Amino acid sequence: MHWNLGDVFDYVATKLPKDKIALRCGERILTWSELDQQSNNLALALISRGLQPGDKVAVYSRNCVEYMVSIIGIFKARLVYVNVNFRYQTEELSYIFSYTDSVAIIFGKEYAEQVTLVCEQLPSISVLVEINDDTPLAAGAERFCDLALHHNGNTLPTSRSPDDLLFLCTGGTTGMPKAVIWRQDDMFHVVANRVASGDGVPKDWDDLASSIGSEISGKFLLCPPLMHGAGMYLALNTLIYGGELVLLPGERFNPKLFLQLIEDEKIVNTLIIGDAIAQPLLECLDSGVDIDLSSLKLVLSSAAPWCIESKRRLLKYAPHIVILDVMGSSEAAAFGRQITTSKNVSSVDVPRIFIGEKTKVFDQNYREVVPGSGTVGFIARGGPVPIGYYKEPEKSAEAFVKIDGQRYSIPGDMATVENDGSLRFLGRGNVCINSGGEKIYPQEVELAVMSVEGVFDAIVVGVPHIRWGEKIVAVVQMAESNSLNKEEIRVAVAQKLSGYKVPKEVIQITDMARGPNGKANYKLIQDYAKDYLARTS
Numbered sequence: 034m035h036w037n038l039g040d041v042f043d044y045v046a047t048k049l050p051k052d053k054i055a056l057r058c059g060e061r062i063l064t065w066s067e068l069d070q071q072s073n074n075l076a077l078a079l080i081s082r083g084l085q086p087g088d089k090v091a092v093y094s095r096n097c098v099e100y101m102v103s104i105i106g107i108f109k110a111r112l113v114y115v116n117v118n119f120r121y122q123t124e125e126l127s128y129i130f131s132y133t134d135s136v137a138i139i140f141g142k143e144y145a146e147q148v149t150l151v152c153e154q155l156p157s158i159s160v161l162v163e164i165n166d167d168t169p170l171a172a173g174a175e176r177f178c179d180l181a182l183h184h185n186g187n188t189l190p191t192s193r194s195p196d197d198l199l200f201l202c203t204g205g206t207t208g209m210p211k212a213v214i215w216r217q218d219d220m221f222h223v224v225a226n227r228v229a230s231g232d233g234v235p236k237d238w239d240d241l242a243s244s245i246g247s248e249i250s251g252k253f254l255l256c257p258p259l260m261h262g263a264g265m266y267l268a269l270n271t272l273i274y275g276g277e278l279v280l281l282p283g284e285r286f287n288p289k290l291f292l293q294l295i296e297d298e299k300i301v302n303t304l305i306i307g308d309a310i311a312q313p314l315l316e317c318l319d320s321g322v323d324i325d326l327s328s329l330k331l332v333l334s335s336a337a338p339w340c341i342e343s344k345r346r347l348l349k350y351a352p353h354i355v356i357l358d359v360m361g362s363s364e365a366a367a368f369g370r371q372i373t374t375s376k377n378v379s380s381v382d383v384p385r386i387f388i389g390e391k392t393k394v395f396d397q398n399y400r401e402v403v404p405g406s407g408t409v410g411f412i413a414r415g416g417p418v419p420i421g422y423y424k425e426p427e428k429s430a431e432a433f434v435k436i437d438g439q440r441y442s443i444p445g446d447m448a449t450v451e452n453d454g455s456l457r458f459l460g461r462g463n464v465c466i467n468s469g470g471e472k473i474y475p476q477e478v479e480l481a482v483m484s485v486e487g488v489f490d491a492i493v494v495g496v497p498h499i500r501w502g503e504k505i506v507a508v509v510q511m512a513e514s515n516s517l518n519k520e521e522i523r524v525a526v527a528q529k530l531s532g533y534k535v536p537k538e539v540i541q542i543t544d545m546a547r548g549p550n551g552k553a554n555y556k557l558i559q560d561y562a563k564d565y566l567a568r569t570s
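In my numbering, the protein residues as written are 34 to 570.
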């Protein structure tokens, strides 16, 4: 059986009561009938404006019901969804729209000014759709609700293909993103896996129908942005099985609101981003807030570290829940997981990942690592994997490799294999910094720091942080005639890069100890930064 996500959402809508709620974000609610009709209308509107199958449509917005309508409408129109980080600034936006060959942008009204500036430089963008119900539109933009509510909402008379594509943009080694190319059939086999019940991926339409509206499709509270791979994976999984997707409103994470939603909406499942979300939630619970967590069954975490002490604290407040850490990436979704409950939490000490038959660990010679050998290898995910990176043949050849006749995705995560077959996860094999689920690449930040007047040299590293996993630290060498002004450096960098890339700490050093070839010794600088902060904090 081969699948197309547009066909899947057409089918699911026919199997559910029309008044069943599909999406909720604050005061905004869409029933399954409304989601079906609005996504059909949006698809038809995009097609009527000249977009052809395979054209790229970028979605640049915070979480809202319109975001999910957009994703599903793009699938139904046989267009290519492109996720855009809403933290990007003008230069980053210009790059992503140009690199992905986007011809249409669906964007939140708060980003109208930036979209206008970028589009002045990119005449290839022909369609602008603004999520804006009540204020003047950006030049050349159409109102989202006009497109989604105009027409009769009928299913599109089109034949779709399992080879229709979607993009998941992820950070690159220089800080600029790469677009991971997924076939829709492969993506369905990732997001529709019924892991909890052990039934795997549906074999056919009847098998899919048997799970629509079942226990696995309960209310799901999504914390991460939909523009992140983890957020999109779980959102699609929830809706494919007819569940109700609850999105957290607001620009900033509000732990009290998050907990109140669990109580008020009787949330069954939720997805967070490691300690970046767990720490504020626990602080809120520790403050004595009275919240009923009895409906909650499953807490998933992805994209960032979550320490065992945080899990133990949460289980004291909700001993009945299951905590599921899902390890994956835009290139290799869900290659392993760790389950923590009240019964086993006392025996869990380090991140151990249990994998399925499609995930293996290979050494540098592509030999499978022997369990218990202590050999460090790279994690490789087989089965349904992406085609490659868009316009990146060399990087694609490195990351998507055929081993013993099986094609694997190798995103760069390193691990050792324990005697029981579990993995001891070691992290990325490069200097990528993971802060609150965001990938930050040092070279991009270093260039921004070194562009500040008075800075002679800079090396950027990540140091452990209890909430964010890692925080960014810039170690700088000032020119002889200049003194260090930490805040001026941070402000200057903030004018060039997204806020999450701005160093949290700036430390001065007299000698960067670069090698004769000019390469940075990241390990040495990271150790220096950790020691310095430990002594001065």
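Every residue, glycine too, gets a C-beta built ideally from N, C-alpha and C.
This one's a predicted model, so the numbers in the text were calculated from it and none came from an experiment.
*Taking the alpha helix (DSSP H) that Cys97 falls in, what are its first and last residues?*
Premise fails: Cys97 is in no alpha helix (DSSP H) and is neither H nor E.
_Ala55 and Glu298 closer than 8 angstroms at C-beta_ = Cβ atoms of Ala55 and Glu298: not closer than 8 angstroms.
_The beta strand (DSSP E) enclosing Asp358, as first and last residue numbers_ = Looking at the DSSP string, the run of the beta strand (DSSP E) that includes Asp358 is Val355 to Met360.
_Could you compute how far the alpha carbon of Lys236 sits from the alpha carbon of Ile386?_
When rounded, the distance between both Cα atoms is 27 angstroms.
*asked:* As a quick exercise: from Ser327, Glu146 and Tyr350, pick the residue whose alpha carbon is nearest that of Thr123.
replied: Comparing Cα-Cα distances from Thr123 to each of Ser327, Glu146 and Tyr350, the minimum goes to Glu146.
*Which residue comes first and which comes last in the beta strand (DSSP E) that contains Leu278?*
For Leu278, the enclosing beta strand (DSSP E) stretches over residues Glu277 to Leu280.
*asked:* Using CA atoms only, rank isn't needed, just tell me which of Cys317, Gly262 and Leu269 is closest to Phe286.
replied: The shortest C-alpha separation from Phe286 is found at Cys317.
*Could you pull the start and end residues of the alpha helix (DSSP H) that Thr47 belongs to?*
Annotation: the continuous alpha helix (DSSP H) that includes Thr47 extends over Leu38 to Thr47.
*Can you give me the Cβ contacts of Leu517 inside the same chain, cut-off strictly under 6 angstroms, excluding the 5 residues immediately before and after it?*
Correct list, in chain order: Met511 and Gln541.
_Min CB distance His498 to chain D below 8 angstroms_ = The structure shown has no chain D; it contains just one protein chain.
*What residues in its chain sit with their C-beta under 6 angstroms from that of Val464, if we drop five residues either side in the sequence?*
Taking Val464 as the centre and dropping the five residues before and after it, the same chain places the C-beta of Pro475 and Tyr555 closer than 6 angstroms to its C-beta, in chain order.
*Could you pull out every unbroken alpha helix (DSSP H) segment of at least 4 residues lying fully inside the stretch 453 to 526, listed in chain order?*
Here the runs fully enclosed are 475 to 483.
*According to DSSP, is Asp564 helix, strand or coil?*
Asp564 falls in the helix class under three-state DSSP.
*asked:* Which same chain residues end up closer than 8 angstroms to Phe200 when comparing Cβ atoms and leaving out the 5 residues on each side of it in sequence?
replied: Excluding sequence positions up to five before and after Phe200, its CB lies within less than 8 angstroms of the CB of Lys89, Val113, Tyr114, Val115, Asn116, Thr133, Ala212, Val213, Ile214, Trp215 and Tyr423, all in the same chain and listed in chain order.
*Assign Met447 to one of three DSSP states: helix, strand, or coil.*
Three-state DSSP puts Met447 in a strand.
*Which value, in whole angstroms, describes the spacing of the CA atoms of Arg414 and Met34?*
Their backbone Cα atoms lie some 21 angstroms apart in a straight line.
*Along the alpha helix (DSSP H) that carries Glu342, what are the first and last residues, could you check?*
For Glu342, the enclosing alpha helix (DSSP H) stretches over residues Ile341 to Tyr350.
*Under 8 angstroms between the Cβ atoms of Val359 and Ser335?*
A contact, by the Cβ cut-off of 8 angstroms.
*Return the residue from the list Met545, Tyr44 and Ile499 that minimises the CA-CA distance to Gly307.*
Checked all of Met545, Tyr44 and Ile499; the closest Cα to Gly307 is Ile499.
*What residue does the alpha helix (DSSP H) around Ile310 start on, and which one ends it?*
Looking at the DSSP string, the run of the alpha helix (DSSP H) that includes Ile310 is Gly307 to Asp319.
*Taking the continuous beta strand (DSSP E) assigned at Val434, which residues delimit it?*
That run of the beta strand (DSSP E) goes Phe433 to Ile436.
*Quick one: using the 10 Å Cβ neighbour count with 16 as the cut-off for buried, is Pro210 buried or exposed?*
By the neighbour-count rule (16 or more Cβ atoms within 10 Å), Pro210 is buried.
*Do the stretch 73 to 83 and the stretch 99 to 108 make contact, defined as three or more Cβ pairs closer than 8 angstroms?*
Yes: at least three Cβ pairs fall under 8 angstroms.
_Span of the alpha helix (DSSP H), counted from its first residue to its last, around Phe221_ = Looking at the DSSP string, the run of the alpha helix (DSSP H) that includes Phe221 is Gln217 to Val224.
*Whose C-alpha, out of Pro497, Val478 and Met260, is nearest the C-alpha of Arg491?*
It should be noted that the sequence gives Ala, not Arg, for residue 491. The residue with the shortest Cα to Cα distance from Ala491 is Val478.
*Cutoff 6 angstroms; reference Trp501; Cβ partners in own chain excluding five residues on either side*: Within the same chain, Trp501 has close Cβ partners Ala309, Ser468 and Gly469.
*Whole-angstrom Cβ separation of Ile412 and Val394, contact assumed at under 8 angstroms?*
Right, the Cβ-Cβ distance comes to about 6 angstroms (below 8 angstroms), so this counts as a contact.
_Which complete beta strand (DSSP E) runs does the stretch 369 to 418 hold, if anything under 3 residues is left out?_
Counting only runs of 3 or more, we get 369 to 373, 392 to 395 and 410 to 414.
*Which residues in the same chain have their Cβ closer than 8 angstroms to the Cβ of Glu451, if we skip the five residues on either side of it in sequence?*
Setting aside the 5 residues that flank it on each side, Glu451 is surrounded in the same chain by Arg385, Pro404, Gly405 and Arg457, each with a C-beta closer than 8 angstroms to its C-beta; the list follows chain order.
*Proximity to Lys537 [Cα-Cα], best of Ile466, Met545, Leu255 and Pro419*: Nearest to Lys537 by alpha-carbon distance, out of Ile466, Met545, Leu255 and Pro419, is Ile466.
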